[in-house]
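Colleague: For the record, the sequence lines run as chains A and B.
Its first residue numbered 1, the first sequence is counted upward by one per residue in our numbering.
Its first residue numbered 1001, the second sequence is counted upward by one per residue in our numbering.
Just so you know, even glycine gets a beta-carbon here, dropped at the ideal spot from N, CA and C.
Bear in mind the structure is a predicted one, so any value in this text is a computation, not a measurement.
2 protein chains.
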Amino acid sequence: MPRKKTYHHGDLKNALIEAGVDILSKDGIGGLSLRRVAQQAGVSHTAPYAHFANKQALIAAISTDGYRRLYEAISASAQQYEGDPARQLVEGAWAYVQFALSDAAHFKITLSGVVEKEKDYPAFIEMSQRSFALVMQIVEDCQKAKVLKRGPSDLIAVGVWGLIHGFVSLILEDQI
Amino acid sequence: MPRKKTYHHGDLKNALIEAGVDILSKDGIGGLSLRRVAQQAGVSHTAPYAHFANKQALIAAISTDGYRRLYEAISASAQQYEGDPARQLVEGAWAYVQFALSDAAHFKITLSGVVEKEKDYPAFIEMSQRSFALVMQIVEDCQKAKVLKRGPSDLIAVGVWGLIHGFVSLILEDQI
DNA sequence: ACCTGAACACCGTTCAAGT
DNA sequence: ACCTGAACACCGTTCAAGT
Chain A
1 MPRKKTYHHG DLKNALIEAG VDILSKDGIG GLSLRRVAQQ AGVSHTAPYA HFANKQALIA
61 AISTDGYRRL YEAISASAQQ YEGDPARQLV EGAWAYVQFA LSDAAHFKIT LSGVVEKEKD
121 YPAFIEMSQR SFALVMQIVE DCQKAKVLKR GPSDLIAVGV WGLIHGFVSL ILEDQI
Chain B
1001 MPRKKTYHHG DLKNALIEAG VDILSKDGIG GLSLRRVAQQ AGVSHTAPYA HFANKQALIA
1061 AISTDGYRRL YEAISASAQQ YEGDPARQLV EGAWAYVQFA LSDAAHFKIT LSGVVEKEKD
1121 YPAFIEMSQR SFALVMQIVE DCQKAKVLKR GPSDLIAVGV WGLIHGFVSL ILEDQI
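1) How about A:E140: is its C-beta nearer than 7 Å to some C-beta of chain B?
2) Determine the closest residue to B:A1105 out of A:F99, A:G113, A:A53, with distance taken between C-alpha atoms.
3) On the CB-based measure, 16 or more other CB atoms within 10 Å of its CB, does A:K108 come out buried or exposed?
4) For a contact defined as C-beta to C-beta under 9 Å, what are the partners of A:S63 on chain B?
5) Determine the DSSP secondary structure at B:G1162, reduced to helix, strand or coil.
6) Can the beta-carbon of B:A1073 be found closer than 7 Å to that of B:A1095?
7) Helix, strand or coil for A:R36? Go by DSSP, reduced to three states.
8) Against B:L1163, what residues of chain A qualify as contacts under a CB-to-CB distance less than 7 Å, listed in chain order?
9) Please check the pair A:F124 and A:A60, which I expect to be a contact at CB under 8 Å, by giving their CB distance rounded to whole angstroms.
10) Which residues in chain A have a C-beta closer than 8 Å to the C-beta of B:G1166? List them in chain order.
11) Return no unless some Cβ of chain B is closer than 7 Å to the Cβ of A:E118.
12) Going along the chain, which residues of its own chain have a beta-carbon closer than 6 Å to the beta-carbon of A:A41, five neighbours each way excluded?
13) State yes or no: is the beta carbon of A:S112 nearer than 7 Å to at least one beta carbon in chain B?
14) By the three-class DSSP mapping on this structure, what secondary structure does A:A145 have?
15) Do you know offhand how far B:G1066's Cα is from B:T1110's?
16) Taking the runs of the alpha helix (DSSP H) that are 4 residues or longer, which of them lie wholly in the region 1080-1146 of chain B?
17) Could you tell me the alpha carbon to alpha carbon distance between B:G1151 and B:L1089, rounded to whole angstroms?
18) Can you grab the Cα-Cα spacing for the pair A:H45 / A:Q137, in whole Å?
19) Does the CB of A:K108 have a neighbour CB from chain B at under 7 Å?
20) Residues in the same chain with beta-carbon distance under 7 Å from A:L172, minus the five sequence neighbours each way, listed in chain order, please.
Here it is in structure tokens:
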């Protein structure tokens, strides 16, 4: 018996997010519409409104998923190189670059800041803050190990993040 | 005699860009449509196609204008504090922050990298590169004056830019 | 060259209705 | 609770036509 095509009792909400990520990877940000997402999930074009207030809310959920992906990648390499903060920093940066290169549209919509997410999407805020806190933790461990100079770790973490992001942006714009 | 409302022999192209910037400041990115831009410029909704291949091209022009605004602001403060690179750096950063805060939507659409501009918009590429070159020049002057540590100036410029951008992003997302 | 108006396919969102 | 189908206003883009 084939898997049921309907999400009537399933997890339509996550199916819609997955469909959105899939569309982003295939057709970019321009191809992302609520109606296409619904169609790909096998439901009518109004069904998403049972789970998301509007398109912005779906985009916020997709962005939250993007941050989770980033968090998990950095976290995985941090665990792998436990006790070696310099390596954790460089591998974390590499995870960031890999996400950007392997799924540019998902990366961009997650980190662009173009969509107004800050107001009504606490899950997005929380996931982005967890990611930043993880980077700050690695920065602090690097400071203790004398890999990075002393100073305010939050400021240095913003600098590290910004430096990596700047590089990735140059790569994505083909200027490097 | 009031100024003619028609751009039949005027500069519709720039009028459309101005209208776009105006709409961005009033209604944000969600409010930016070709039809609204045309209406605000006082022409039919198909007139923009005489000057822009599509909506992306108009957005690229608006983004180019954003980079020019950034370039001119940083350039103005660089001239004002000629011979004081430390001051040039801090005032240039302040100009960046001011642009972001005074016109968040224009700033975001310019610097988000969400739109695919790199391919067919050489004016955009050129203006963004000029802005980056200016920052790099200030960084090099700071290095000569021992305000910044020695090292590859392009890399340090990316870091400086990224640090400022990271701060601005935190401010715009109300996380600071 | 520059602009118009009709037309097409597509979109976000609402709403009454069905299970 | 979860989903459907019709409906509405709006959008990007094309095209034949007008000056």
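Modeller: This is what the structure gives:
1) In the first sequence, the residue the question calls residue 140 of chain A occupies position 140. For A:E140, the answer is no, since every Cβ of chain B falls outside 7 Å of its Cβ.
2) Walking along the second sequence from the start, residue 1105 of chain B turns up at place 105. Between B:A1105 and the set A:F99, A:G113, A:A53, the nearest pair of CA atoms involves A:G113.
3) Translated into positions along the first sequence, residue 108 of chain A becomes position 108. Classification for A:K108: buried.
4) Here residue 63 of chain A is taken as the residue at index 63 of the first sequence, counted from 1. Per Cβ cutoff of 9 Å: no residues; A:S63 is ~12 Å from chain B at best.
5) Stepping through the second sequence from its first residue, residue 1162 of chain B is reached at position 162. Of the three classes helix, strand and coil, the one that applies to B:G1162 here is helix, per DSSP.
6) Here the question's residue 1073 of chain B lines up with position 73 in the second sequence. Here the question's residue 1095 of chain B lines up with position 95 in the second sequence. Yes; because the gap between Cβ atoms is below 7 Å, this pair is in contact.
7) To locate residue 36 of chain A, count along the first sequence from 1; it is residue 36. The answer is helix: DSSP assigns A:R36 an H, G or I state.
8) Translated into the one-based positions of the second sequence, residue 1163 of chain B becomes position 163. Correct list: V158, G159, G162.
9) The residue you call residue 124 of chain A lines up with position 124 of the first sequence. The residue you call residue 60 of chain A lines up with position 60 of the first sequence. Their Cβ separation, rounded to whole angstroms, is 5 Å, which keeps A:F124 and A:A60 in contact under 8 Å.
10) Position 166 of the second sequence holds residue 1166 of chain B. Under the 8 Å cutoff, chain A gives V158, G159, W161, G162, H165.
11) As a working mapping, residue 118 of chain A is identified with position 118 in the first sequence. Chain B contact via Cβ: present.
12) Indexing the first sequence from 1 puts residue 41 of chain A at position 41. Counting only Cβ-Cβ distances below 6 Å, and skipping sequence neighbours, we find A15, L16, A19.
13) For the purposes of this step, residue 112 of chain A is identified with residue 112 of the first sequence, where counting begins at 1. Closer than 7 Å: yes.
14) Your numbering for residue 145 of chain A matches position 145 in the first sequence. In the structure shown, A:A145 sits in coil (DSSP, three-state: anything other than H, G, I, E or B).
15) The residue labelled residue 1066 of chain B in the question sits at position 66 within the second sequence. The residue labelled residue 1110 of chain B in the question sits at position 110 within the second sequence. Linking B:G1066 to B:T1110 through their CA atoms gives a straight-line distance of about 6 Å.
16) 1085-1102, 1104-1111, 1122-1144
17) Here residue 1151 of chain B corresponds to residue number 151 of the second sequence, with the count starting at 1. Here residue 1089 of chain B corresponds to residue number 89 of the second sequence, with the count starting at 1. Approximately 17 Å between the Cα atoms of the pair.
18) For the purposes of this step, residue 45 of chain A is taken as residue 45 along the first sequence, with counting starting at 1. For the purposes of this step, residue 137 of chain A is taken as residue 137 along the first sequence, with counting starting at 1. Distance between the alpha carbons of A:H45 and A:Q137: 43 Å.
19) In the first sequence, residue 108 of chain A corresponds to position 108, counting from 1. It does; some Cβ of chain B falls within 7 Å.
20) For this step, residue 172 of chain A is matched to residue 172 along the first sequence. Excluding positions up to five away in sequence, the list reads A100, A104.
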